[in-house]
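Peer 1: Chains A and B supply the protein sequences, listed in that same order.
With this note's numbering, you'll find the first sequence wraps up at 327, consecutive numbering, no jumps.
With this note's numbering, you'll find the second sequence wraps up at 326, consecutive numbering, no jumps.
Handing you this structure, nothing more for now.
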Amino acid sequence: MAKQRKNIREDADGLKKNLKGMLLIRRFEEKAAQMYGLRKIGGFCHLYIGQEAIAVGAIQTVDLKKDYVVTAYRDHGHALACGMDPNTVMAELYGKSSGCSKGKGGSMHLFDVENHMYGGNGIVGAHIPIATGVGLKIRYKNDEGVVLCFFGDGAIHQGTFHESLNMAKIWNLPVIYICENNQYGMGTDFSRVSAVQDFSVMGASYGIKGKQVNGMDVLEVYEEVSAAVEEVKKTHTPIFLEIKTYRYKGHSMSDPATYRTRDELDTYKRQDPILNLKTYMLNKRMLTEEEYTKLDKECRSVGEAAVSFAEKSNEPQIQELYDDVFA
Amino acid sequence: MPIITFREALRQAMSEEMERDEDVLLIGEEVAQYNGAYKVSQGLLDTYGEKRVIDTPISEEGFTGIGVGAALAGLRPIVEWMTFNFSLQAFDQVVNNAAKMRYMSGGQFRVPIVFRGPNGPAEYLAAQHSQALQSVYAHVPGLKVVAPSTPYDAKGLLKTAIRDDNPVLFLEAELMYAMKGEVPEEEYLIPLGRVDVKKEGKDATVIGFSKPVHIALDAAKELEKEGVDVEVIDLRSIRPLDEQRVYESVKKTNRCVVVDEAWPFASVGSHLAWLISKNCFDSLDAPVELVSSEDVPMPYNHRLEIAAQPSVRKIVRALKKVLYLE
């Protein structure tokens, strides 16, 4: 893993994997938005467009046979980056029984427990102790893994964040806390509701190292999270990363996002993580426009196939209402 | 047969299960070095070490959620809340995470965790430290709720709860920790979802759980003097609920009083009274009576706090009412 990290910027295959990972999420989310508009998907649907570099950059650094991912409700990107089948993810958004959670969870509750993707959690900040508890299990069993715990800037003022960091530190739990600061907790600019503007200092209260990372640059995310994973495995101490990012769409599908300016959105779109990496690869002659178009087409067709899988899948039987309440 | 206290029975249950399965651990405030705020965990740190008996900061939501996360990943944590009053700080973790992770994931998770601690009225502790919260937890699908009334039951039920693959809320009456009772030396388990007939009778049925079972037994003794033969049913577990055996008893006696230390509105007691009224309608010779706590926060003054709770006198009066003796 360490060797790969040093070479990522020169590794054409590695870069292509990153580009594809981000494009897949982008096209999948666009498809989800389209199907939401057609009322094929209901309820809350939080899109990951703009933030793709974080899930893709971070999750490729871990081995989900040993390591774990726990995230919040903006989870489609993490699910895909964990290698979950886009078909079962889309079917879950449709509420079909072929969905990864048998249609019982929906957009906010995507899980692949066997492959250590622990959701898909809907209450802001409430999964941070869950992730910390998974860390406790790793330490208790003397396993090798680490936990990547993703949450948004809205979650950082919940007591759960602070309580979790404190206990993770006193018990030396192998958890990397990743705040995806997309700058708005629903419609509220984080700077209006936070006593500090640089979240990375917030680990300091608990003796935990913090660092700010540019989340519009997938390679930086990859390098920083790789380094954090190595360090946590070596030092057995938690780490906190604030990864600055931006979501292009509203908080959820029902949010027109009128609380920010067009200019602000355009500024971020000019630093788009996919565009960024594409330009880098074109300049390095590691990619041609034709190859990019082909890749993009592939990802679009994955989204289309997922929709057609979901469309063809069955609704759950009424009897399933009563299944899985208890083990 | 050895006679031991309620707290000792709980300790034996935890210790035996920790001995049997190394994935069982105890986590909570003061459980390790202090030996438990109510001394339930006395000696466990010495036996099992700080890896398995873990002192936490005062962070109920945090350590409860950590317990849930550890359970999702395969451990079998026992989370001790210093009292159920403080569990309200952790309510979200129980209701939104422990109870729902299996369902939301389409059955992918198991959540083998026990949340335990003292519950119910205490003495001179006033409103925030003296309340019975079973109804709040029993409301939620995905949770099991257990409330033992004797040392024997406490041990057998707690061992079963620890082996259960689902979240179990284990309610220990705060005023019962020193109560003594017979507990055999050989191992035994008590299944969840089966009532225990604490006293057989033919004239009327009293249904209760936890500490009020003893007041119900006292009330039955009182009425024995008047030639009335009362049956006392101990639910043992509120969820799962042994509906059939409850109905069998009521159909035998045709009269029923439900006792619950919680408040009356939307409570376990009011729900039971409704279930019995509906399902035993043709057998009932009188409307079902409910003896609950008064619908007020618990006062500090002793006279007032006693007046707020179910009592032998209140149960006797309710029994006389269903027997048309008053």
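Glycine included, C-beta positions come from ideal geometry on N, C-alpha and C.
Remember, predicted model here, so these are calculated numbers, not experimental data.
Given a cut-off of 9 Å, decide if Glu80 (chain B) and Gly117 (chain B) are closer than it, judged by their beta-carbon atoms.
Peer 2: yes
Peer 1: May I ask you to report which of helix, strand or coil DSSP gives Pro86 (chain A)?
Peer 2: helix
Peer 1: In the structure shown, what three-state DSSP assignment does Gln317 (chain A) receive?
Peer 2: coil
Peer 1: Helix or strand or just coil, what does DSSP make of Asn214 (chain A)?
Peer 2: strand
Peer 1: Taking C-alpha atoms, which residue in B:Ile54, B:Ile58 and B:Ala132 lies nearest to Asp260 (chain B)?
Peer 2: B:Ala132
Peer 1: Just reading off the alpha helix (DSSP H) that Lys312 (chain A) is part of, what are its end residues?
Peer 2: Glu289 to Lys312
Peer 1: Check each candidate in B:Ser267, B:Pro310 and B:Ala318 and name the one with the smallest Cα separation from Ser135 (chain B).
Peer 2: The shortest C-alpha separation from Ser135 (chain B) is found at B:Ser267.
Peer 1: At a CB-CB cut-off below 9 Å, which residues of chain A make contact with Val230 (chain B)?
Peer 2: None at all; the shortest Cβ gap to chain A is about 34 Å.
Peer 1: Verify the CB distance criterion: does Thr132 (chain A) have a CB-CB separation below 9 Å to chain B?
Peer 2: Yes, because at least one Cβ of chain B sits closer than 9 Å to the Cβ of Thr132 (chain A).
Peer 1: Could you give the residue range of the alpha helix (DSSP H) that holds Glu52 (chain A)?
Peer 2: Membership of Glu52 (chain A) in the alpha helix (DSSP H) is indicated by the continuous run Glu52 to Ile59.
Peer 1: Figure out for me which residue from B:Ala122, B:Asp153, B:Leu44 and B:Thr47 has the closest Cα to the Cα of Ile4 (chain B).
Peer 2: Looking from the CA of Ile4 (chain B), the closest CA among B:Ala122, B:Asp153, B:Leu44 and B:Thr47 belongs to B:Asp153.
Peer 1: With a threshold of 9 Å between beta carbons, is Glu61 (chain B) in contact with chain A?
Peer 2: yes
Peer 1: List, in chain order, every chain A residue whose beta-carbon is nearer than 7 Å to that of Lys320 (chain B).
Peer 2: Result: empty, since nearest Cβ-Cβ is about 40 Å, beyond 7 Å.
Peer 1: Since Met167 (chain A) meets chain B, which of its residues come closer than 8 Å, beta carbon to beta carbon?
Peer 2: Thr56, Pro57, Ser59, Gly62, Phe63 and Ile66
Peer 1: If you reduce the DSSP assignment to three classes, tell me which class Thr5 (chain B) lands in.
Peer 2: Thr5 (chain B) carries a strand assignment under DSSP once its states are collapsed to helix, strand and coil.
Peer 1: For Thr253 (chain B), name the three-state secondary structure that DSSP assigns.
Peer 2: helix
Peer 1: With 16 other CB atoms within 10 Å as the buried threshold, where does Phe265 (chain B) fall?
Peer 2: exposed
Peer 1: Would a check of beta-carbon distances place Lys233 (chain A) closer than 9 Å to chain B?
Peer 2: no
Peer 1: Counting contacts by CB-CB distance shorter than 9 Å, is Glu163 (chain A) in contact with chain B?
Peer 2: yes
Peer 1: With a cut-off of 8 Å on the beta carbons, I'd call Pro129 (chain A) and Gly65 (chain B) a contact; round off their distance for me.
Peer 2: 2 Å
Peer 1: Can you find the residues in the same chain that come closer than 7 Å, C-beta to C-beta, to Pro191 (chain B), ignoring five residues on each side of it along the sequence?
Peer 2: Sequence-distant Cβ neighbours of Pro191 (chain B) in its own chain, meaning closer than 7 Å and more than five residues away, are Thr160.
Peer 1: State the start and end residues of the unbroken beta strand (DSSP E) segment that holds Thr237 (chain A).
Peer 2: Thr237 (chain A) -> no beta strand (DSSP E), and no H or E assigned at all.
Peer 1: Does the CB of Leu277 (chain A) have a neighbour CB from chain B at under 9 Å?
Peer 2: no
Peer 1: Using a Cβ-Cβ cutoff of less than 7 Å, which residues in the same chain neighbour Pro256 (chain A) once the five nearest sequence positions on both sides are dropped?
Peer 2: Gly250
Peer 1: Just to confirm before moving on: does the CB-CB distance between Thr71 (chain A) and Cys149 (chain A) stay below 9 Å?
Peer 2: yes
Peer 1: Taking Asp323 (chain A) as the query, report the chain B residues whose CB atoms sit under 9 Å from its CB, ordered along the chain.
Peer 2: Tyr103, Gly106 and Gly107
Peer 1: Counting only runs of 4+ residues fully inside the segment 171-248 of chain B, write out the alpha helix (DSSP H) ranges in chain order.
Peer 2: With a minimum length of 4 residues, the continuous alpha helix (DSSP H) runs that stay inside the segment 171-248 of chain B are 212-224.
Peer 1: Return helix, strand or coil for Met281 (chain A), following the three-state DSSP convention.
Peer 2: helix
Peer 1: Given that Leu25 (chain B) touches chain A, what residues does it touch there, using C-beta distances under 8 Å?
Peer 2: Per Cβ cutoff of 8 Å: Tyr140.
Peer 1: Check whether the segment 40-51 of chain B touches the segment 10-30 of chain B, counting contact only when three or more Cβ pairs, one atom from each stretch, lie closer than 8 Å.
Peer 2: In the pairwise beta carbon analysis, the segment 40-51 of chain B is classified as touching the segment 10-30 of chain B: at least three pairs are separated by under 8 Å.
Peer 1: Measure from the C-beta of Pro327 (chain B) to each C-beta in chain A and report whether the shortest distance is under 9 Å.
Peer 2: In the structure as shown, chain B begins at 1 and stops at 326. Residue 327 (chain B) is therefore absent and cannot be evaluated.
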